[in-house]
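Using the working numbering, you'd call the opening residue of the sequence shown number 262 and step up by one each time. Just so it is clear, CB atoms sit at the ideal spot from N, CA and C, and this is done for glycine as well.
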Amino acid sequence: PLLCAFVLSPLFGFTMTAFHAGLIATNLTTNENINWRKYPHLKREVASGKIAFFNAFDGGCLRNIGWRTGLVHFDDKPLRAPPPPGAGGGACCDHDHGHGHSHSHSHA
């Protein structure tokens, strides 16, 4: 039992740390990550009746970490608007990356 505790405790701690680091990097709370379908600000229509995840408050990994650590001011306004319905397979910015979907790039 003691050996099991020495093995499982660090594993659990690492898993929780990695999970929450991912949440910080994407500017989400645990609740938003689990229940994103319940929040209008975290979903968008990609086709008739099809809903996809979209986080307008995601400023990119480094900016999100800056917000969470207080190094960068967060003004609580969306950074980007979702693309119109039917804009393609998950497009989230104005330019195509040649592999079926796009990625947002903000250079602020």
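- Lys311 sits in a strand when the DSSP states are folded into three classes.
- Per the coordinates, the alpha-carbon of Ala308 lies some 46 Å from the alpha-carbon of Val268.
- For Arg298, the number of other beta carbons within 10 angstroms of its own is below 16, and it is reported as exposed.
- Between Ile295 and Ile326, the C-beta spacing is not below 8 Å.
- Distances from the alpha-carbon of Leu289 to those of Ala342, Gly321 and His334 put Gly321 closest.
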